[in-house]
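In this text, residue positions in the sequence shown follow our numbering: the first is 146, and each later residue adds one. Before any comments, here is the structure.
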Amino acid sequence: MTAKIIDGVALSRQIREDLGLRAQALAAQGRRPGLAVILVGDDPASAMYVRNKVKACEAHGLHSVFEKYDAGLAEADLLERIRALNADAGIHGILVQMPLPRHIDPHRVIQTIDVHKDVDGFSTLSAGELMSGLPGFRPCTPYGCMKLIESTGVDIRGKHAVVIGRSNTVGKPMALLLLQASATVTVCHSATPDLGLHTRQADILVAAVGRRHTVTREMVKPGAVVIDVGINRNEEGKLQGDVDLDGVREVAGWITPVPGGVGPMTITMLLVNTVEAAERSLLHT
Ligand code: GUN
């Protein structure tokens, strides 16, 4: 079997077209969706991610505010800035790019963002809403992975889904989203002794490990849907996922490539959450 490629670029484009229309409709009601993006420090990778987020807003009719602070910014000043954005009616989503400098507590920062503007879905309130099956903001990467899985037409209900990785931003919310969609879910992590034993049972396999080629063809059930969250660089600087794409595509039914799979969906879901936040703000006022 040769796996069908799940095209994250094409799916992103489709979702963004619809979003552009929603943003226009909101703007017509005086509620142009607005995202504030805060970067503290000079990490080049973070600067690039943030630039892409701001550019995506501009391309789809969202208002964006980009604030960059030097690495020495005091935590209290950052919190004060977040409180001001919480009170700003033109801003519907607030994103503070992680990681932050070591002297700033990321939890305190995330908890200061108004839950109605927590478009990253990282706060304990948003996490609790996901856990309880309540509407709220879902973290963008796992939310995008769900859209990619749904786009295959494979029914998630009753399937065995295996997630590799247990981070608060990807692995744990991914497992909860799959559970909510009525999959039977196994979560594997760095202390799982025989990874292949679990992955070979997966109808849906999500790899969010952060290590190149962790998933090889012998570890994949024939016909499985394989979602690769990894963004790793090899010795030549080439982008590679957590899955050995060339090997695994010979056995899987569906697979996301790296690049061009999960990556574009993460920013798309940030736009989705921001438009959603603006739509919900119409209901509150
Ligand atoms: N750093 C890397 N990915 C992300 C993300 O999705 N959101 C935030 N806030 N920081 C990040």
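Using N, Cα and C, we set each Cβ at its ideal position, and we do this for glycine too.
Unbroken beta strand (DSSP E) stretches of 3 residues or longer found wholly inside the stretch 200–271: 208–214 and 238–241, given in chain order. With a cutoff of 8 Å, Leu-240 counts as near the ligand GUN, since its C-beta is closer than that to a heavy atom of the ligand. Residue state for Lys-149 is assigned as strand, using DSSP reduced to three classes.
Excluding the 5 residues flanking it on each side, Leu-427 has same chain C-beta neighbours closer than 8 Å at Leu-171, Gln-174 and Arg-176, in chain order.
Residue environment analysis places Glu-421 among the buried positions, since at least 16 neighbouring C-beta atoms fall within 10 angstroms of its C-beta. At a threshold of 8 Å, Tyr-194 counts as near the ligand GUN, since its beta carbon sits closer than that to one of the ligand's heavy atoms. For Asn-313, the secondary structure class from DSSP, reduced to helix, strand or coil, is coil. For Thr-329, the enclosing beta strand (DSSP E) covers residues 329–333. Proximity of the beta carbon of Met-291 to the ligand GUN is not indicated: no heavy atom of the ligand is located closer than 8 Å. Thr-361 places its beta carbon 9 Å or farther from that of Gly-405. Just so you know, the alpha carbons of Ile-151 and Gly-298 end up roughly 11 Å apart. Under DSSP, the beta-bridge partners assigned to Gly-179 are His-208.
Beta-bridge analysis with DSSP links Arg-378 to Leu-384.
With 16 or more other Cβ atoms from the protein chains shown falling within 10 Å of its own Cβ, Arg-161 counts as buried. Take Cys-285, set aside five residues on each side of it, and the residues of its chain with a beta-carbon closer than 6 Å to its own are Thr-411, Met-414 and Leu-415, in chain order. 9 Å or more divides the Cβ of Val-365 from the Cβ of Gly-375. Taking the Cβ of Met-243 as the reference point, at least one heavy atom of the ligand GUN falls within a distance shorter than 8 Å.
When only Cα atoms are considered, Leu-164 and Ser-277 end up about 27 Å apart.
Nearest in C-alpha terms to Asn-377, of all of Ile-400, Gly-235, Ala-352 and Glu-363, is Ala-352. Under DSSP, Ile-349 takes part in a beta bridge, and its partners are Ala-306 and Val-370.
Residue nearest to Arg-167 within the set Leu-207, Glu-380, Trp-399 and Met-146 is Leu-207 (criterion: CA-CA distance).
The beta-bridge partner set that DSSP reports for Ile-400 consists of Ile-150 and Val-371. Excluding sequence positions up to five before and after Ala-192, its CB lies less than 6 Å from no other CB in the same chain. By the neighbour-count definition (other C-beta atoms within 10 Å, threshold 16), Asn-313 is an exposed residue. In the DSSP annotation of this structure, Asp-389 is not part of any alpha helix (DSSP H), being labelled neither H nor E. Ranked by how close their Cα comes to the Cα of Ala-306, the residues Leu-293, His-261, Lys-292 and Ser-327 have Ser-327 in first place. Closest in alpha carbon position to Val-182, among Ile-400, Gly-238, Glu-220 and Ala-148, is Gly-238.
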